[in-house]
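Everything below concerns the one structure shown next.
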Amino acid sequence: MKIGVDIDGVLVDFVSGFLQYYNLKYGTDLKYNDATTYYMEEAFGLPQDKISSIMNEYLRSHAFVRMQLIPGSKEAIGNLSSRHSLHIITARSSDIYDRTVGWLHHNFPGCFSKILFSNSPGLPKMSKAAICKQQGVSILVEDSLENALTCSAAGVTVFLMDCPWNQRGQLPENVIRVSDWQEIVETLQKEERFLTETL
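Read left to right, the sequence shown gives residues 10 to 208 (our numbering).
Set out below in structure tokens:
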């Protein structure tokens with residue numbers, strides 16, 4: 010089975026790392042649980058240009074590559090990669106392609122068959138739903154509600170990591186809210202056992 014895996018909010022705690030960096034720089038006290046929308050400028054009522062500027066600075070800092078892994082992600086990815094083809098599908102800027110690939114190889118060596126950016130240099134921007142369809146990915150692990158819904162509409166099953174910014178609205182049947190990686194692994198193992206028993 011081909012499984013797509015997002016990076017930020019799924020493998021690494023991007024929001025906590027960014028807020029720590031922002032708070033240190035500006036003497037603020039922004040909290041993780043206050044990030045109730047996917048867009049930082051909306052969540053914290055900050056000007057878009059200020060968020061963009063500090064975000065670009067953060068993406069090039071040492072703090073960026075030292076962000077904390079999501080608990081259980083390393084073990085779960087190791088487990089799943091032995092039985093499935095795992096594809097990174099990220100909306101990260103292609104400006105940090107090399108840093109991202111290096112980070113993935115360091116933290117998850119040999120685990121991902123492909124590393125796909127939705128905005129690769131020299132190519133038209135693609136939605137995650139379009140990438141899943143093109144690559145034959147049937148399951149996606151994601152934290153963005155918007156991406157989860159578009160992928161769901163395209164027939165992809167989505168494991169939606171439970172975060173403050175994805176709490177709005179009713180979820181379709183093929184979007185499964187999960188609290189951690191262990192829940193994803195256990196759900197997939199049950200599905201594999203069911204398929205084996207019915208063959």
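Heads up, the beta-carbon is just placed ideally off N, CA and C, and yes, glycines get one too. On a predicted model such as this, the values are computed, not experimentally measured, just so you know.
C-beta contact flag for residue i and residue j at 8 Å
i, j, result
"Lys34", "Ile60", "no"
"Lys11", "Ser94", "yes"
"Val24", "Tyr41", "yes"
"Gly164", "His96", "no"
"Trp190", "Ala44", "no"
"Ala185", "Thr109", "According to the sequence as given, residue 185 is Ile; it is not Ala. No, the pair does not count as a contact, with Cβ atoms beyond the cut-off."
"Ile148", "Leu125", "no"
"Tyr31", "Leu39", "yes"
"Val194", "Leu89", "yes"
"Ile86", "Cys120", "yes"
Cutoff 6 Å; reference residue i; Cβ partners in own chain excluding five residues on either side
i, result
"Phe73", "Tyr67"
"Phe27", "Tyr67"
"Ser153", "Tyr47"
"Ala138", "Thr159, Cys160, Ala163"
"Met135", "Ser127"
"Trp112", "Val74"
Identified DSSP bridge partners for residue i
i, result
"Lys34", "Partner(s): none; Lys34 has no beta bridge."
"Tyr11", "It should be noted that the sequence gives Lys, not Tyr, for residue 11. Partner(s): Ser94."
"Phe168", "Val150, Ile185"
"Val21", "Asp17, Leu78"
Own chain partners of residue i with C-beta closer than 8 Å, once the 5 adjacent residues on each side are dropped
i, result
"Leu169", "Glu151, Asp152, Leu154, Ala157, Asn175, Leu180, Val184, Ile185, Arg186, Val187"
"Gln143", "Met135"
"Ser80", "Note that residue 80 corresponds to Pro in the displayed sequence, not to Ser. The residues are Asp189, Trp190."
"Thr52", "Just to set this straight, residue 52 is Ala in the shown sequence, not Thr. Excluding sequence neighbours, Ala52 sits near Asp43, Ala44, Thr45, Thr46, Trp174."
field: Completely contained alpha helix (DSSP H) runs for the region 91-153, where each covers 4 or more residues
entry: 106-116, 137-144
message: Just to confirm the assignment: which complete alpha helix (DSSP H) runs, minimum length 4, are found wholly within the region 41-91?
response: 49-53, 57-68, 71-74, 82-90
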